[in-house]
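Asker:
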Amino acid sequence: MAEPSFARLFLLFFSFLLIFATYSWVFGPDSGFLFGTRVRKTLGSNRQVHVDHSLEKPHHPLDPLTVREINRVRTILSNHDPGFGSGSATIHSMALDEPEKSRVVQWKKGNKLLSRRAAVVAYWGGQTHEITVDLDSGRVVSDVINRTSGYPILTLNDVFAASQVPLKSLEFNRSIEARGVKFSDLACITPFAGWFGSEEEGRRVIRVQCFTLQGTTNYFMRPLEGLYVTVDLDKLEVIKIIDKGPIPIPKASGTEYRFGVQNKPVHMDRINPISMEQPDGPSFRVEDGHLVKWANWVFHVKADQRAGMIISQATVRDSETGKPRSVMYKGFPSELFVPYMDPEEGWYYKGYMDAGELGLGPTAMPLVPLNDCPRNAYYIDGVFASPDGKPIVQPNMICLFERYAGDISWRHSEILFANADIRESRPKVTLVARMATSVGNYDYIFDWEFQTDGLIRVTVAASGMLMVKGTPYDNVDDLGDREDDAGPLISENVIGVVHDHFITFHLDMDIDGPMNNSLVKVHLEKQRVPTGKSPRKSYLKVKKYIAKTEKDAQIKLSLYDPYEFHIVNPNRKSRVGNPAGYRIVPGGNAASLLDHDDPPQIRGAFTNNQIWVTPYNRSEQYAGGVLIYQSQGDDTLQVWSDRDRSIENKDIVLWYTLGFHHVPCQEDYPVMPSVAASFELKPANFFESNPILGSAPFFEKDLPVCRPFASS
Numbered sequence: 001m002a003e004p005s006f007a008r009l010f011l012l013f014f015s016f017l018l019i020f021a022t023y024s025w026v027f028g029p030d031s032g033f034l035f036g037t038r039v040r041k042t043l044g045s046n047r048q049v050h051v052d053h054s055l056e057k058p059h060h061p062l063d064p065l066t067v068r069e070i071n072r073v074r075t076i077l078s079n080h081d082p083g084f085g086s087g088s089a090t091i092h093s094m095a096l097d098e099p100e101k102s103r104v105v106q107w108k109k110g111n112k113l114l115s116r117r118a119a120v121v122a123y124w125g126g127q128t129h130e131i132t133v134d135l136d137s138g139r140v141v142s143d144v145i146n147r148t149s150g151y152p153i154l155t156l157n158d159v160f161a162a163s164q165v166p167l168k169s170l171e172f173n174r175s176i177e178a179r180g181v182k183f184s185d186l187a188c189i190t191p192f193a194g195w196f197g198s199e200e201e202g203r204r205v206i207r208v209q210c211f212t213l214q215g216t217t218n219y220f221m222r223p224l225e226g227l228y229v230t231v232d233l234d235k236l237e238v239i240k241i242i243d244k245g246p247i248p249i250p251k252a253s254g255t256e257y258r259f260g261v262q263n264k265p266v267h268m269d270r271i272n273p274i275s276m277e278q279p280d281g282p283s284f285r286v287e288d289g290h291l292v293k294w295a296n297w298v299f300h301v302k303a304d305q306r307a308g309m310i311i312s313q314a315t316v317r318d319s320e321t322g323k324p325r326s327v328m329y330k331g332f333p334s335e336l337f338v339p340y341m342d343p344e345e346g347w348y349y350k351g352y353m354d355a356g357e358l359g360l361g362p363t364a365m366p367l368v369p370l371n372d373c374p375r376n377a378y379y380i381d382g383v384f385a386s387p388d389g390k391p392i393v394q395p396n397m398i399c400l401f402e403r404y405a406g407d408i409s410w411r412h413s414e415i416l417f418a419n420a421d422i423r424e425s426r427p428k429v430t431l432v433a434r435m436a437t438s439v440g441n442y443d444y445i446f447d448w449e450f451q452t453d454g455l456i457r458v459t460v461a462a463s464g465m466l467m468v469k470g471t472p473y474d475n476v477d478d479l480g481d482r483e484d485d486a487g488p489l490i491s492e493n494v495i496g497v498v499h500d501h502f503i504t505f506h507l508d509m510d511i512d513g514p515m516n517n518s519l520v521k522v523h524l525e526k527q528r529v530p531t532g533k534s535p536r537k538s539y540l541k542v543k544k545y546i547a548k549t550e551k552d553a554q555i556k557l558s559l560y561d562p563y564e565f566h567i568v569n570p571n572r573k574s575r576v577g578n579p580a581g582y583r584i585v586p587g588g589n590a591a592s593l594l595d596h597d598d599p600p601q602i603r604g605a606f607t608n609n610q611i612w613v614t615p616y617n618r619s620e621q622y623a624g625g626v627l628i629y630q631s632q633g634d635d636t637l638q639v640w641s642d643r644d645r646s647i648e649n650k651d652i653v654l655w656y657t658l659g660f661h662h663v664p665c666q667e668d669y670p671v672m673p674s675v676a677a678s679f680e681l682k683p684a685n686f687f688e689s690n691p692i693l694g695s696a697p698f699f700e701k702d703l704p705v706c707r708p709f710a711s712s
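Residue numbers for the sequence shown follow full-length UniProt numbering, so the first one is 1 and each next one is one higher.
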């Protein structure tokens, strides 16, 4: 059988569409999608701000690389090594090489900007180079080969090229035809390989899994189960094809999710449109593109290729003195770990590290006004480098908005005073910095929410599509004793494979300064009351323990052995002598239950605990290591923490992992309602008293004049 000539052409076309859908920074309707020209920003309902990124300059030491700087780095690299000019060297990431923390902390607006450097990860000749480029001198100051296991973040070229490779195989094409699938309906994606030895040793590999688009755009719900391909990424050759024979392809009907093409009735009363109106505009302002000022908060925000969004130098104004006080130097999602629970040959390798294997920035589609973000949101673009080093703009990647959802900031009504009418209540208005990313089938929404009482709430919501498995069965009654170990049946011929989600955050807490911070473990210990001393039999007593070294701060959460965890500055005391601090407040959480010697868990060892504390080290940013793809777990947070370094009265970093187990159900089909997990960073003796005691209530005269709807 000759290879169908149109098959390769269609896969080429589909791969382009898939890349466009996944990486919105390739092409788009606005001329500003490429090379940093004009891109739209929105502030308010009608106001537009046109930003010419080609003219931007950095204003703050932590500002991301500009279009001009990226172009300059590209030129410097081309002069450094001919591989960058010929295309044999590929840029996998390019970002600001942030100045030393001590210099950033000392820098003030109006001072000369600190020297600008770029950190580049490039791959050529089978080796990964970490390159530092000095933009002031115009030269490469460091070019080091990273010899840890693993490879850099995948590029568009990797994904695009690998998706075409199977069509070179006569065996693969026969397998497609045997399933009755037209090549014009074929949709192939590239799941990451993980690391398990054997064919993965010593070369970059990737898997290719295919679906059919026939009858739907939601190809994720129509897998060609039993057919899997392993591809050598450097040679672009098929290593292995697994074909277990045709398995029924799930139906297309009922899988469409686009509003404009759905024909599904919604049996609910209409919800009228709702919007928070701000006739005077938002209360926050953004200076120089990245410095956010709102209420009593100031922080720096920027887009990042790997982390998606980074919050830096967050300070809150003291409620007594009005002076700014540092809370956090830097916070961002360091890594995502999504292991699937199917040990079969075509599924065992699915244990994704989304931030380090693909990056949360390139997969962030432009946010949808009024749906992803409310009317008065302010949008910030991302500027990254393409694999050939050219600047690319990711429009509307981050949004900032004020939120009021009818929540109460504080209240009290007095009922014990006769004839007294004391009813005090304050509305809760918060500021949200949001980024959403679509990493293949899953969408993640990241919120950093700032409250006027000093609290920071971090929320991660997950939505998108399940990664499903095809099965011959269309009803649970047909399964009998053969219920699939991988997960439950959620639709005809569709298994929702059980999996976990873990997101590990890097939180460089600087409570009243970068030095002299400690972790205090506040233990609630049950005490037995001596017989005859009190009618009570037991009570809880608070005992505090200072973590001396890293192993003291490797913490597994437990409902039946409760602790609070405070980051304190023992050198900053309140009037009554308590050290200033913030505590991390976990929300609902889950722990990884995989064996520690399981290859995915070796790579994801940063999920062995929910809380870690390490001494600050600018090279320890990513919990799974710098090079994640096919890594072997030799450069993880677990490895660093096991050095058991001192963390008392030091510049320390708090790491927190939130997670949830996902046992799919029918309501997750064909697209999942969002589910969220969160944690809080909450003041603990940081202020002398309630910092928002004097905040004003809402009055009718202060609110927008809108026509009220008559109600009973």
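Think of the CB as a built atom: it goes at the ideal place given N, C-alpha and C, for glycine as much as any other residue.
This structure is a prediction, so every number in the text was calculated from the model and none was measured.
(1) Can you check which of these residues, Arg325, Asn272, Ile311, Asp478, is closest to glutamate 457 by C-alpha distance?
(2) Residue range of the alpha helix (DSSP H) that asparagine 71 falls in?
(3) So, at 7 Å on beta carbons, what are the nonlocal neighbours of alanine 193 in its own chain, with the 5 sequence-adjacent residues on each side left out?
(4) Thinking just about the alpha-carbon of each residue, which of Asp485, Leu431, Asn571, Gly281 is nearest to the one in serine 704?
(5) Rounded to whole angstroms, what's the CA-CA distance from phenylalanine 698 to asparagine 272? Just pull it up for me.
(6) Closest to lysine 302 by C-alpha separation, out of Lys573, Ile567, Pro64, would be which residue?
(7) Starting from glutamate 277 and walking both ways along the beta strand (DSSP E), at which residues does that stretch end?
(8) Would you list the one or two residues that DSSP bridges to leucine 507?
(9) Following the continuous alpha helix (DSSP H) through serine 175, name the residue where it begins and the one where it ends.
(10) Below 8 Å CB to CB, which residues in the same chain sit around isoleucine 408 once its five sequence neighbours on both sides are set aside?
(11) I need the DSSP call for serine 15, collapsed to helix, strand or coil.
(12) Can you tell me whether DSSP reads phenylalanine 220 as helix, strand or coil?
(13) Looking at phenylalanine 220 and valine 468, is the spacing between their C-beta atoms short of 9 Å?
(14) Between which two residues does the alpha helix (DSSP H) holding tryptophan 640 run?
(15) DSSP three-state call for phenylalanine 183: helix, strand or coil?
(16) For isoleucine 176, tell me which candidate among Ile242, Phe284, Leu693 has the shortest Cα-Cα distance.
(17) Please classify histidine 300: is it buried, with 16 or more other beta-carbons within 10 angstroms of its beta-carbon, or exposed?
(18) Which residue comes first and which comes last in the beta strand (DSSP E) that contains proline 599?
(19) Only counting the same chain, and skipping five residues up and downstream in sequence, which positions put a Cβ closer than 8 Å to that of glutamate 492?
(20) Can you check which of these residues, Phe446, Asp288, Ser283, Gln305, is closest to alanine 295 by C-alpha distance?
(21) Sort out for me which residues DSSP pairs arginine 325 with in a bridge.
(22) If you check the beta carbons only, do alanine 178 and threonine 212 fall under 9 Å apart?
(23) Per DSSP, phenylalanine 211 forms a beta bridge with which residues?
(24) Cα-Cα, which of Gly245, Gly487, Ala418, Asp232 is closest to cysteine 665?
(25) Output needed for residue 713: all residues of its chain with C-beta closer than 6 Å, excluding positions within five of it in sequence on either side, in chain order.
(26) Do phenylalanine 450 and arginine 434 have their C-beta atoms closer together than 9 Å?
(27) Determine the DSSP secondary structure at asparagine 157, reduced to helix, strand or coil.
(28) Specify, as a first and last residue, the run of the beta strand (DSSP E) that glutamine 621 falls within.
(29) Taking the continuous alpha helix (DSSP H) assigned at lysine 101, which residues delimit it?
Answerer: On the basis of the supplied data:
(1) Looking at the sequence provided, one finds arginine at residue 457 rather than glutamate. Closest by alpha carbon: Ile311.
(2) 67–80
(3) Glu200, Val205, Ile206, Arg207, Tyr349, Gln630
(4) According to the sequence as given, residue 704 is proline; it is not serine. When only C-alpha atoms are compared, the closest one is Gly281.
(5) 24 Å
(6) Pro64
(7) No beta strand (DSSP E) contains glutamate 277, which DSSP labels as neither H nor E.
(8) Gly331, Leu654
(9) 170–178
(10) Ser425, Arg426, Pro427, Lys428
(11) With a pLDDT of only 49 at serine 15, under 50, the local geometry of the prediction cannot be trusted, and no value is derived from it.
(12) helix
(13) yes
(14) 637–641
(15) helix
(16) Ile242
(17) buried
(18) Where proline 599 is concerned, there is no enclosing beta strand (DSSP E), although the alpha helix (DSSP H) it sits in stretches over 599–603.
(19) Pro250, Lys251, Asp474, Asn475
(20) Ser283
(21) Val316
(22) no
(23) Ala187, Pro223
(24) Gly487
(25) In the structure as shown, the chain begins at 1 and stops at 712. Residue 713 is therefore absent and cannot be evaluated.
(26) no
(27) helix
(28) Taken as a continuous stretch (DSSP letters only), glutamine 621 belongs to no beta strand (DSSP E), as it is neither H nor E.
(29) 101–106
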